[in-house]
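A short worksheet on the structure shown next.
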Amino acid sequence: MEQVAPTESLSVGMRAVLDLLREHGPQTVPQMGRAQALSRQFVQRMVNDATAQHLVEAVPNPAHRRSPLIRLTEAGSAAVGALHAREQDLLSHVGGELTREDVESCVKVLTRMLAFLDDVDVDVATDEQT
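Going by numbering that gives the first Met the number 0, 69 is the number at position 70 of the sequence shown; the sequence numbering is gapless.
Here it is, written out as structure tokens:
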């Protein structure tokens, strides 16, 4: 069995890559960049860091010879799983008396707010304040 990488060494960027791969499966670096609205170069650096820690690996992409698919390794899957488990444990203490329905309602509200904010033009909002 591969050793689990310490979750403390995961940067926010690397964590984003691992979460994306866990949720959506193998992807190319450009696909990950588009999915997260990040530059391909930034995602490539995060993939390089994760590869150095044996958390992800490149595999041939049948759809594109020069753009390999990046997938989680066993160690990467274990690391992100351990991180999620630790966060769930912490959140169970933070929520205290919140019911499942309370949390689901909160998620609905925040999802709607984020969807609304997707349509806000930051440059226009900034110009109006000056």
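All residues carry an ideal CB built from backbone N, CA and C; glycine is no exception.
All values derive from a computational prediction rather than experimental measurement.
Check, Outcome
"Helix, strand or coil at Q52 [DSSP, three-state]", "coil"
"Secondary structure of L136, DSSP reduced to three states", "There is no way to answer for residue 136, as the model of the chain reaches only from 0 to 129."
"Counterpart residues of A57 in DSSP-defined beta bridges", "I69"
"Buried versus exposed, by CB contacts within 10 Å (16 or more), A49", "buried"
"Per-residue burial, M130 [other beta carbons within 10 Å of its own, 16 or more giving buried]", "An answer regarding residue 130 cannot be provided, because it is not within the stretch 0 to 129 covered by the chain."
"Same chain, Cβ closer than 7 Å to N60, neighbours up to 5 away in sequence not counted", "T27, S66, P67 and L68"
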